[in-house]
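Counting along the sequence shown from 1, when you hit position 281 you're at 280 in numbering that gives the first Met the number 0, and nothing is skipped either side. Heads up, the beta-carbon is just placed ideally off N, CA and C, and yes, glycines get one too.
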Amino acid sequence: MEELKFYTNKYYRNDLNDKLKSEYVTALKDPKFKALTNKFKLTDEDGMKYTSKLEMVVSNLKNCERCKGLVECKNEVNGCVYYPTKVENGLDFNYVTCKYKNKEILNNKLNKSKFFGLSEDIKNANMSLIDDVDFKKRSKVIKCLKDFYDNYPNEKKGLYLHGSFGSGKTFLIACLLNELAKKDFKTILLYYPEMLSRLKASFDGETESYKDMLDEIKTSDILLIDDIGAETVTTWSRDEVLGTILQYRMENNLSTFITSNLNIEELETHLSIVKNNMDKVKARRIIERIKQLTTDMEMISVNRRN
Ligand code: ADP
Ligand code: MG
Numbered sequence: 000m001e002e003l004k005f006y007t008n009k010y011y012r013n014d015l016n017d018k019l020k021s022e023y024v025t026a027l028k029d030p031k032f033k034a035l036t037n038k039f040k041l042t043d044e045d046g047m048k049y050t051s052k053l054e055m056v057v058s059n060l061k062n063c064e065r066c067k068g069l070v071e072c073k074n075e076v077n078g079c080v081y082y083p084t085k086v087e088n089g090l091d092f093n094y095v096t097c098k099y100k101n102k103e104i105l106n107n108k109l110n111k112s113k114f115f116g117l118s119e120d121i122k123n124a125n126m127s128l129i130d131d132v133d134f135k136k137r138s139k140v141i142k143c144l145k146d147f148y149d150n151y152p153n154e155k156k157g158l159y160l161h162g163s164f165g166s167g168k169t170f171l172i173a174c175l176l177n178e179l180a181k182k183d184f185k186t187i188l189l190y191y192p193e194m195l196s197r198l199k200a201s202f203d204g205e206t207e208s209y210k211d212m213l214d215e216i217k218t219s220d221i222l223l224i225d226d227i228g229a230e231t232v233t234t235w236s237r238d239e240v241l242g243t244i245l246q247y248r249m250e251n252n253l254s255t256f257i258t259s260n261l262n263i264e265e266l267e268t269h270l271s272i273v274k275n276n277m278d279k280v281k282a283r284r285i286i287e288r289i290k291q292l293t294t295d296m297e298m299i300s301v302n303r304r305n
């Protein structure tokens with residue numbers, strides 16, 4: 000019995016070795032396979048060890064060569080290429096995202112960041128959710144938003160909507176913007192205080208992502224700057240961030256909505272930080288831009304938050 004087992008194992012080993020060798024030799028006839036072994040400076044022993052995996056890599060790469068986008072991806076894992084990396088004692092194989100997948104990931108990231116720091120009910124706000132509580136008091140605002148919906152993009156002027164906490168300012172504007180997003184307009188809703196801290200974080204870290212983020216905000220078709228006045232003002236946030244965004248949107252005639260608990264005069268005071276003359280001029284300049292971009296409107300209603 001022992002003898003038989005020994006015999007089988009030995010026989011099996013030789014057989015396997017021959018098989019691997021012949022598979023490797025055959026695979027090497029493919030210039031792409033050969034190129035891979037060169038690229039990773041593989042010994043014949045390694046080449047033999049990884050033949051079938053490397054063949055999979057080659058087949059993935061060949062699929063990619065002819066591919067024009069994710070919908071026609073022929074690889075086992077959509078948008079991914081099976082690919083080796085050199086490690087200490089050989090090769091490590093992983094699925095690596097392709098250029099189309101990377102682009103999709105980037106786009107999704109940008110789509111998601113359509114909302115900066117706003118709650119789920121604001122993300123899901125839509126016209127059908129608007130209820131009748133206090134309708135009369137808010138009807139002027141609702142009419143304005145409806146007009147905007149009907150006339151956009153011929154009419155582009157947004158609102159500066161101010162009023163008490165919890166009156167539904169953010170909710171109503173989110174309804175409008177979410178409906179317009181369904182029509183494929185690029186909308187961004189950002190909770191201003193949080194956007195500033197995010198921008199600041201990306202600014203401290205990678206300059207590139209800071210620029211991308213600011214560009215994205217600056218250039219969106221319709222923008223909501225939510226809860227301005229709740230932030231801690233610095234010259235950076237006022238002049239570099241807010242000033243830049245508003246200036247760009249004014250020059251390019253892009254729709255901008257702003258909500259605040261402060262009316263426009265109170266906002267001006269809020270924006271004058273050190274309150275010397277230069278500072279007042281800067282605050283004034285922001286207010287002028289806001290006035291150009293928006294119609295001033297007050298929202299009176301009960302506090303809807305529970
Ligand atoms: P504000 O921005 O004025 O502080 P919000 O827009 O955040 O107030 O509204 C407060 C809460 O009331 C939110 O949770 C929102 O979902 C809800 N809400 C506001 N207006 C309406 C409405 N017309 N219909 C239904 N829910 C509303
Ligand atoms: Mg709000």
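Cβ neighbour criterion (16 or more within 10 Å) applied to residue i
i	result
ASN110	Caution applies to ASN110, whose pLDDT of 48 falls short of 50 and renders its modelled position unreliable; the value that the coordinates give is listed next. With fewer than 16 other Cβ atoms within 10 Å, it is exposed.
ARG137	buried
SER127	exposed
PHE164	exposed
THR50	buried
LEU15	exposed
LEU245	buried
ASN153	exposed
GLU230	buried
GLY228	buried
THR206	Reliability of the predicted coordinates at THR206 is poor, the pLDDT of 45 falling under 50, and no value is obtained from them.
ILE257	buried
THR293	buried
THR169	buried
PRO30	exposed
ALA26	buried
ASN302	exposed
ILE104	exposed
SER300	buried
VAL76	exposed
SER21	exposed
ASN177	buried
ARG248	buried
LYS18	exposed
MET277	exposed
CB contact flag (residue i, residue j, <8 Å)
i	j	result
GLY328	SER254	In the structure as shown, the chain begins at 0 and stops at 305. Residue 328 is therefore absent and cannot be evaluated.
ILE224	CYS174	no
LYS274	SER219	no
CYS79	VAL95	yes
LEU188	LEU144	no
ILE221	LEU179	yes
ILE289	ARG237	no
LEU60	TYR99	no
Helix, strand or coil at residue i according to DSSP, with G and I counted as helix
i	result
ILE104	helix
GLY204	Here the model assigns GLY204 a pLDDT of 47, short of 50, so the residue's position is not dependable, and the following value carries that caveat. Of the three classes helix, strand and coil, the one that applies to GLY204 here is coil, per DSSP.
PRO192	helix
ASN62	helix
ASN93	strand
LEU148	A small fix is needed here, since residue 148 is Tyr in this sequence, not Leu. Correct three-state label for TYR148: helix.
SER112	Confidence is the limiting factor: at SER112 the pLDDT is only 39, short of 50, which leaves the residue's position unreliable, though a coordinate-based value still follows. SER112 falls in the coil class under three-state DSSP.
LYS4	Residue confidence for LYS4 is low, a pLDDT of 49 falling below 50, so the modelled location carries little weight and cannot support an answer.
GLY157	strand
ASP43	helix
THR231	coil
ASP295	strand
ILE129	coil
Sequence-distant residues of the same chain with beta carbon closer than 6 Å to residue i, five excluded per side
i	result
THR36	GLY46
ASN262	HIS161
Same chain only: Cβ atoms within 8 Å of residue i, ignoring 5 sequence neighbours per side
i	result
ASN252	LYS155
ASP226	THR169, TYR190, TYR191, PRO192, THR258, SER259, ASN260
TYR151	LEU179, PHE184, ILE221, SER254
Span of the beta strand (DSSP E) around residue i
i	result
CYS79	79 to 86
ILE257	254 to 259
ASP120	First-last for ASP120: 119 to 122, but that is the alpha helix (DSSP H), not the beta strand (DSSP E).
LEU222	221 to 225
N-terminal and C-terminal residue of the alpha helix (DSSP H) that residue i is part of
i	result
MET249	242 to 250
ILE285	276 to 292
ILE263	263 to 270
CYS174	168 to 181
ASN37	30 to 38
Same chain, Cβ closer than 7 Å to residue i, neighbours up to 5 away in sequence not counted
i	result
ASN62	LYS73, ASN74
Residue-chain proximity (residue i, chain C), Cβ-Cβ < 8 Å
i	result
LYS122	As a matter of chain content, chain C is missing from the structure shown, which is built from one protein chain.
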